[in-house]
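To keep things clear, I will list the structure first and then write my remarks on it.
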């Protein structure tokens, strides 16, 4: 009874704070600054009053309130830290994803560039091969044309020599034929002259015979 009479004035004095705390509990979260400040103030007052009044229950009530407030603050702080770590992890993951995407894009760009370069090298190789083949074919055609020209020239020379020899033979044959013709003509003329001489001689002979017959 005496303890209750001693603590009653204190309970009456703290009642407005308790009512204010209850009113704030409906409008503010437990970790809000006003509620935390008020909660710790009530707890500290209970702890101090319990100690001064020698009332362990009040002192313990204050200690428990302060402990709950500390735990809430610790929980809030840990949650904030966890939230910060989650955000950092998210940002790190996002940065990692961006870095990976950039690396993939760079790798794709390098792969595309390498493929393009390989295609360009292959195309240059094909063009060079075509040029070499064309050059080789041109050289072969030139050599073949040269051999053909040489064979044609040799054939022309053989033909010219054959034609020259044929012409020489023809001229020789013509000269020989002309000579033989001239000789035949001369022989015919000689034969004609001999025949004429023989006829004249025969006529003369017949005439002389006729004269002798007449004598």
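Numbering (our numbering), first residue to last: 10 to 224. Note that beta-carbon positions come from the ideal geometry of N, C-alpha and C, so glycine has one too.
Exercise. Using three-state DSSP, classify residue 162 as helix, strand or coil.
Key: helix
Any contact between the segment 114 to 134 and the segment 79 to 89? By contact I mean 3 or more CB pairs, one from each, below 8 Å. no
Among 48, 102, 63, 139, which residue has its Cα nearest to the Cα of residue 77? 48
CA nearest to the CA of residue 81, picked from 100, 110, 64, 46:
46
**Asked** Does the count of Cβ pairs from the segment 20 to 32 and the segment 50 to 59 closer than 8 Å reach three?
**Response** yes
### Query
In terms of residues, what are the limits of the alpha helix (DSSP H) holding residue 53?
42 to 62
**Prompt:** residue 64 and residue 16: beta carbons closer than 8 Å?
**Reply:** yes
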